[in-house]
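For the sequence shown, my numbering gives the first residue as 10, with consecutive numbering after it. C-beta: ideal position from N, C-alpha, C; glycine also. Some notes on the structure that comes next.
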Amino acid sequence: MLTTIEVEIDREGRVRPVDPKGRLPAGRALLTSLAPLSDETALLAAPALADDWLKREEDAAWADLRLDR
């Protein structure tokens with residue numbers, strides 16, 4: 010039977026369960042690393058924001074800050 014346990018991995022690579030009462034069972038496991046939430050949020054927001062970013066009015070509003078003018 011497969012069991013999923015949420016864990017955190019510290020900078021030294023030590024794996025600890027998120028639930029303080031949780032125990033990691035002895036044996037073998039497969040680990041799937043998840044992207045940090047901040048990256049996921051930015052990626053999910055990009056398509057919605059692109060509608061505004063790609064408008065001519067936006068280009069005009071930021072024109073004075075362009076380096077290539």
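Can you give me the start and stop residues for the beta strand (DSSP E) that residue i sits inside?
{"i": "Glu17", "result": "Val16 to Ile18"}
{"i": "Arg25", "result": "Val24 to Pro26"}
Pick from the options: whose alpha carbon is nearest that of residue i?
{"i": "Thr41", "options": "Asp61, Thr13 and Ala55", "result": "Thr13"}
{"i": "Leu43", "options": "Lys64, Ala70, Ala57 and Ile18", "result": "Ile18"}
{"i": "Val27", "options": "Val16, Arg37 and Arg20", "result": "Val16"}
{"i": "Trp37", "options": "Leu11, Asp48, Trp62 and Ala70", "result": "Checking the displayed sequence, the identity of residue 37 turns out to be Arg instead of Trp. It is Leu11."}
Using the Cα positions of residue i and residue j, report the straight-line distance between them to the nearest angstrom.
{"i": "Glu66", "j": "Ala57", "result": "17 angstroms"}
{"i": "Arg75", "j": "Arg20", "result": "39 angstroms"}
{"i": "Leu53", "j": "Leu33", "result": "32 angstroms"}
{"i": "Trp107", "j": "Ala51", "result": "Here the chain comprises residues numbered 10 to 78, so residue 107 is not present and cannot be evaluated."}
Can you name the start and end residues of the alpha helix (DSSP H) that residue i belongs to?
{"i": "Ala9", "result": "The structure shown has nothing for residue 9, since the chain only spans 10 to 78."}
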